[in-house]
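What follows is a single structure, written as structure tokens, with notes after it.
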Amino acid sequence: MSGDPVLLTPGPLTTAASTKEAMLHDWGSRDGRFIGMNRKVREGLLELAGVAGSHVCVPVQGSGTFAVEAMLGTLVPRDGRVLVLVNGAYGRRMASICRIIGRAFSVYETPEEQPPDPGEVGRLLRGDPSLTHVACVHCETTTGLLNPLAAVAEVVERHGRRLLVDAMSAFGALPVDGISFDAMAASSNKCLEGVPGMGFVLCRREVLAASGGNAHSLALDLHDQWTAMDANGQWRFTPPTHVIAALAHALDLLAEEGGVAARGGRYRRNWRLLVDGMRAMGFETLLPDAAQAPIIVTFRMPSGFPFERFHDSLRAKGYVIYPGKLTGADSFRIGCIGAIGEVEIRGVLEAVRETLMELEAGR
Ligand SMILES: *Cc1c(COP(=O)(O)O)cnc(C)c1O
């Protein structure tokens with residue numbers, strides 16, 4: 018037992034002890050063991066998405082947002098225009114990135130509990146020939162909503178435009194096989210159950226090869242990062258060696274578990290148990306089950322609910338939950354992802370039950 022709390026958050030999240038132990042070494046950036054590990058991680062990530070033949074994996078130092086910004090800055094040409102699908106904070110963040118790095122964009126926004134309509138995406142693309150790219154979040158972590166990525170990809174392809182995906186909170190747990198995309202960004206520390214510190218973008222090879230000179234930034238230039246790494250296996254700038262070592266091990270654990278389908282299955286069981294247990298105590302979910310990804314659940318805050326005390330009491334019992342991120346309603350969120358299962362979910366439900374009794378007793 019590590020004594021650490023169980024993190025029921027969308028990242029960082031609870032990792033396996035053996036993943037933490039995988040970091041107990043020092044690697045030089047030119048160390049052959051490190052270079053081999055780095056190559057294996059990059060290949061493994063491509064295989065998880067079923068794009069090993071068509072795409073390359075470009076890792077980038079930093080959190081997930083660094084990878085999203087690198088993806089938009091490198092793959093959208095300076096005279097391109099992005100249709101950003103927004104139904105939460107992460108869609109809005111992609112629009113902010115476009116604004117700040119100077120890429121033209123339009124927004125198709127739907128309410129936070131509503132997925133975009135692929136038919137409407139098609140209509141918008143037909144109506145504006147200047148749109149070159151569509152940017153879509155797979156699981157919108159703001160609410161836990163699952164966006165219809167396959168249907169969006171199909172429409173984008175049919176209209177001859179390019180699709181860029183923020184798959185941060187879904188990658189490794191929700192399958193993307195057969196979905197056509199130019200680029201998909203994710204990070205080491207969500208459903209892959211590694212530690213934070215690295216993002217990566219799976220890029221269609223010929224699109225990346227043609228993207229030289231697009232980037233607004235030296236450090237976030239995926240084309241440069243890729244050509245340098247392909248030349249000698251090394252990172253351009255100090256690599257997050259320990260993060261990669263942890264991720265290499267975490268990918269082994271994912272394979273041992275049975276791959277993407279098995280991991281998604283465990284998260285789905287976590288989600289079912291959590292939602293049923295919370296509903297039995299009177300809590301309501303923001304989303305109907307059918308709209309929900311088994312990643313993180315948003316619960317409506319009952320009126321007058323003392324969230325700070327609720328949160329702190331759960332923390333004292335060893336469970337960390339997350340405040341809401343909705344623009345409209347008051348809410349809080351509980352994650353289903355990480356190296357957790359039935360024991361941890363039953364544990365947090367028991368802690369919630371005890372906390373509610375304490376709050377009621379005015380303790
Ligand atoms: C976590 C997350 C990100 C990236 O967040 P960072 O804090 O930069 O790691 C981006 N998009 C989605 C959908 C996410 O869940």
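Under this note's numbering, think of the first position of the sequence shown as 18, with each following residue one higher. Backbone N, C-alpha and C define an ideal beta-carbon position, used for all residues, glycine too.
For residue j and residue i, the rounded distance between their alpha carbons
i      : j      : result
ALA236 : GLN242 : 8 Å
GLY161 : GLN251 : 36 Å
ASN288 : LEU102 : Per the sequence shown, the amino acid found at residue 288 is Trp instead of Asn. Rounded to whole angstroms, TRP288 to LEU102 spans 26 Å at the Cα level.
ARG221 : LEU376 : 53 Å
HIS259 : GLY53  : 14 Å
HIS381 : ALA226 : No answer is possible for residue 381: it lies beyond the span of the chain, which begins at 18 and ends at 380.
ALA167 : GLN78  : 29 Å
ILE357 : GLY144 : 46 Å
HIS233 : ILE114 : 11 Å
GLY345 : LEU24  : 25 Å
ASP48  : GLY214 : 20 Å
THR372 : VAL292 : 17 Å
PRO133 : HIS155 : 11 Å
ARG332 : ILE312 : 20 Å
MET298 : ARG370 : 7 Å
SER80  : SER204 : 7 Å
VAL124 : PHE316 : 27 Å
ASN104 : ALA112 : 11 Å
SER197 : MET374 : 50 Å
SER46  : ALA272 : 26 Å
ALA308 : LEU141 : 23 Å
ALA152 : PRO146 : 16 Å
ARG56  : SER330 : 44 Å
PRO257 : SER320 : 44 Å
GLY364 : ARG109 : 34 Å
HIS42  : PRO165 : 42 Å
ARG326 : CYS353 : 22 Å
Residue j beta carbon less than 9 Å from that of residue i
i      : j      : result
LEU415 : LEU163 : This structure cannot settle anything about residue 415, because the visible part of the chain is limited to 18 through 380.
VAL212 : PRO323 : no
VAL99  : HIS176 : no
THR127 : GLY216 : no
MET295 : LEU343 : no
TRP44  : ALA267 : no
PRO27  : TYR336 : no
LYS334 : ALA378 : no
GLY189 : LEU63  : no
ARG178 : LEU148 : yes
GLY20  : ALA265 : no
ALA170 : MET88  : no
TYR107 : THR159 : yes
PRO22  : MET246 : no
ALA121 : GLY97  : yes
Residue i: CB within 8 Å of a non-hydrogen atom of ligand 1
i      : result
VAL99  : no
MET216 : Looking at the sequence shown, residue 216 is not Met but Gly. Yes, since a heavy atom of ligand 1 falls inside the 8 Å radius drawn around the Cβ of GLY216.
MET185 : yes
VAL124 : no
ASN206 : yes
GLY28  : yes
CYS156 : yes
ARG110 : yes
VAL260 : no
SER71  : no
VAL85  : yes
THR160 : no
GLY81  : yes
PRO213 : yes
Best match in the options for proximity to residue i [C-alpha to C-alpha]
i      : options                        : result
GLY229 : THR244, VAL218, LEU219, ARG253 : THR244
PHE51  : LEU290, PRO340, THR255, VAL314 : THR255
PHE300 : ARG283, ASP306, ALA308, MET318 : MET318
VAL58  : SER113, VAL337, LEU219, GLY321 : LEU219
VAL360 : TYR284, TYR339, GLU325         : TYR284
PRO94  : GLU274, ASN231, GLY105, VAL277 : ASN231
GLY136 : VAL172, MET111, TYR125         : VAL172
PRO192 : ARG280, VAL169, ILE338         : ARG280
GLY119 : TYR125, GLU86, TYR107, ASN104  : GLU86
GLU174 : LYS207, VAL138, LEU209, THR158 : VAL138
GLU223 : PRO22, GLY97, GLY70, ALA112    : GLY70
VAL314 : ALA203, SER348, MET88          : SER348
VAL277 : GLU325, ASP306, CYS208, ASP329 : CYS208
HIS72  : ASP199, THR36, GLU273, CYS353  : ASP199
THR31  : SER320, ASN206, ALA272, PHE327 : ASN206
Nearest-angstrom beta carbon gap, residue j and residue i [assumed within contact, 8 Å]
i      : j      : result
ILE351 : LEU290 : Actually they are not in contact, since the Cβ atoms of ILE351 and LEU290 sit about 11 Å apart, beyond 8 Å.
ALA310 : ALA187 : 6 Å
ALA33  : LEU270 : 6 Å
GLU10  : GLY355 : As displayed, the chain neither begins before 18 nor continues past 380, which places residue 10 out of reach and without an answer.
GLY67  : ASP194 : 4 Å
LEU304 : GLU130 : 6 Å
Cβ-heavy atom distance, residue i to ligand 3, below 8 Å
i      : result
TYR107 : Among the ligands in the structure shown, ligand 3 does not appear; only ligand 1 can be found there.
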